[in-house]
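Numbering (the working numbering), first residue to last: 1251 to 1610.
Just so it is clear, CB atoms sit at the ideal spot from N, CA and C, and this is done for glycine as well.
Here is the structure we will look at.
This is how it looks when you write it as structure tokens:
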């Protein structure tokens, strides 16, 4: 109830401000000095924005490029070599006031708003309302706060859309490829931590996603079927990954298949990325880890709900190594159901895994 009140109040207060101090669509700088990019949602969304950040940096090579990322999800921006600085974003008024104060004193001459939370729009407006470029596909109702709202209508691909926004803001043409660069010290650290098995061929099974998108998860019993089949046909070790919210699922898989190495809830995103750099294959239904695998370039077998169409999510790069198994429901309408993913059979997944490993 309180959150809803805050959202409604923020919206109408923003409406009033935009009438009193409307944004003026001034020509954007051709050679920006300081660029502030907001990319504040989930892991996957931040990875979608990584190509746009690359584009902005090449288009404005002399600019300092700062990314404002959610304080608990800064890892993606910190591993993008085209980012000069990362500052944390938080929803609390105090955190936003600190950001506002910092960037009003040293105001960016270009503010680019990509995949973000709603509350970013008023903040971007106050920082530099006349040079704010927004990705209007996400929250069109806040487009009135931007001098340059950009709605991309000729594609639904989640990497290409923010890339087009960046190019509107003076970014260069770049490949629509997600970026995540594992650091050398992270590779060394992961080898030390798991020295007893890291040099043995292994595959990674992501055991699930977050609680909000539970309907993307493949049933535990199907994972168990695949794990037993896999141990009979391949010499690779199987590493289970996931967050603390996936512990129950991962533990159930480990009880049924004691030979797996269960790392659910035991690795950071940075450590998971280092593992993916060395793996022979990733199996995932979670789009965040899925896109991390795409960005790193590891072979991926992805199991996708029909509300997550492969043509909008998977790499456009022909060299990418992946097999996408797409759920096909007879009535593909929301709301999704927790048992939907049973529609992707174990036999389909076996075939995809065998095909992926045989190609190596």
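As computed with DSSP, residue 1452 is found in a beta bridge with 1487. Close CB contacts of residue 1314 within its chain, under the 6 Å cut and outside five residues either way in sequence, are with 1284, 1334 (chain order).
Nearest to residue 1370 by alpha-carbon distance, out of 1539, 1486, 1381, 1346, is 1346. For residue 1296, DSSP records no beta bridge to any residue.
Nearest Cα to residue 1436 within the set 1527, 1489, 1511: 1527. For residue 1323 and residue 1443, the gap between their C-alpha atoms comes out near 23 Å. Annotated three-state conformation of residue 1437 is helix, per DSSP. Put simply, of 1459, 1517, 1289 the residue whose alpha carbon is nearest the alpha carbon of residue 1409 is 1289. Annotation for residue 1549: 1531, 1571, 1606 place their beta carbon closer than 6 Å to its own, counting only its chain and skipping 5 residues before and after.
Around the C-beta of residue 1588, fewer than 16 other C-beta atoms lie within 10 Å, and the residue is accordingly described as exposed. By the criterion of a C-beta distance shorter than 8 Å, residue 1469 is surrounded in its chain by 1589, 1591, 1592, once the five residues flanking it on both sides are discounted. Secondary structure at residue 1444: coil, using DSSP grouped into helix, strand and coil. Distances from the CA of residue 1268 to each of 1312, 1397, 1331, 1287 were compared; the closest alpha carbon is that of 1397. Given a length threshold of 4 residues, each whole run of the alpha helix (DSSP H) inside the segment 1345-1378 is given here in chain order: 1370-1378. Here residue 1332 carries a coil assignment [DSSP, helix/strand/coil].
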